[in-house]
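Residue numbers (this note's numbering), protein chains in the order written: chain A, 150 to 261; chain B, 1115 to 1226.
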Amino acid sequence: GNSVTQMEGPVTLSEEAFLTINCTYTATGYPSLFWYVQYPGEGLQLLLKATKADDKGSNKGFEATYRKETTSFHLEKGSVQVSDSAVYFCALSQGGSEKLVFGKGTKLTVNP
Amino acid sequence: EAGVTQSPTHLIKTRGQQATLRCSPISGHTSVYWYQQALGLGLQFLLWYDEGEERNRGNFPPRFSGRQFPNYSSELNVNALELEDSALYLCASSLRTDYGYTFGSGTRLTVV
Chain A
150 GNSVTQMEGP VTLSEEAFLT INCTYTATGY PSLFWYVQYP GEGLQLLLKA
200 TKADDKGSNK GFEATYRKET TSFHLEKGSV QVSDSAVYFC ALSQGGSEKL
250 VFGKGTKLTV NP
Chain B
1115 EAGVTQSPTH LIKTRGQQAT LRCSPISGHT SVYWYQQALG LGLQFLLWYD
1165 EGEERNRGNF PPRFSGRQFP NYSSELNVNA LELEDSALYL CASSLRTDYG
1215 YTFGSGTRLT VV
């Protein structure tokens, strides 16, 4: 079956550090891939997505590239801010109405 | 455009009671998904409704049930509440999952 594996957290960085959160997936065909962010006490928000191989999703300085050859969709940001502190979830969809499959989430804390 | 709305925001119940949680999807979205997020855990898939029918359910006991109304809004019912049912319950709606979900802000259920 489909699955998503994220790097274990928590991740703690200083402001302006480089961020990478690894995400790999197992799926048949060409799933759509997503990163969601959950700020403390809130629901999840879609951060970025990519629907085909080599697509790069980007938003708010974050980016992730759909790598079919390595079945990966790693999240990166060049310079994190305190306001980026949140839990980040990687997810995939096989399309249609089937449910999204989520990773377990990675908690990021950015210290000033 | 209104987002996904959930009510109530917070709910406190006594063990053994019943809880009813409500969700209104984005206009035009026919699929509604329910997830449980217990403290420190990832997202656990509960239920998926589409066009008024239950399409899939996660690994939860039958005391977790729900329905979807003709206007596509949805209700999650939890009977015989147990302490471990305390969690954030998230509702999401989607037109097509390769577009991603839109989540509501959640209902925080506390069982005492």
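All C-beta atoms, glycine included, are put in the ideal place defined by N, C-alpha and C.
- In summary, A:D233 is buried, with 16 or more beta-carbon neighbours lying within 10 Å of its beta-carbon over all protein chains present.
- For B:W1162, the nearest CB of chain A lies under 8 angstroms from its own CB, placing it at the interface with that chain.
- In the displayed model, B:L1202 falls within a strand according to three-state DSSP.
- Under a 10 Å Cβ-count criterion, A:F183 is classified as buried, with 16 or more other Cβ atoms of the shown protein chains found around its own Cβ.
- Residues are counted here when their Cβ sits less than 9 angstroms from a Cβ of chain B; for the region 188-219 of chain A these are G190, E191, G192, L193, Q194, L195, K198, T200, given in chain order.
- In this structure, B:N1170 lies near A:K248, with their beta-carbon atoms less than 8 angstroms apart.
- Shown here, A:V231 sits in a helix according to DSSP, grouped into three states.
- Fewer than three pairs of CB atoms, one per stretch, sit closer than 8 angstroms, so the region 167-179 of chain A makes no contact with the region 1193-1210 of chain B.
- A:Y179 carries a coil assignment under DSSP once its states are collapsed to helix, strand and coil.
- CA-CA distance, B:H1143 to A:E225, rounds to 31 angstroms.
- Inclusion of B:G1180 and B:L1197 in the CB contact set at 8 angstroms is not warranted, their separation being larger than that value.
- When DSSP reads this structure, A:S152 sits in a beta bridge with A:T175.
- If you look at B:H1124, you'll find it in the beta strand (DSSP E) that goes 1124-1127.
- For A:A213, the enclosing beta strand (DSSP E) begins and ends at 211-214.
- Taking A:T200 as the centre and dropping the five residues before and after it, the same chain places the C-beta of S181 closer than 7 angstroms to its C-beta, in chain order.
- In the DSSP assignment, B:Y1163 forms a beta bridge with B:V1146, B:E1168.
- A direct Cα-to-Cα measurement between A:T214 and B:N1185 gives close to 38 angstroms.
- In terms of beta-carbon proximity, A:L249 lines the interface with chain B, with at least one pair separated by less than 8 angstroms.
- If you draw a straight line from the Cα of A:E218 to the Cα of B:L1125, it comes to about 46 angstroms.
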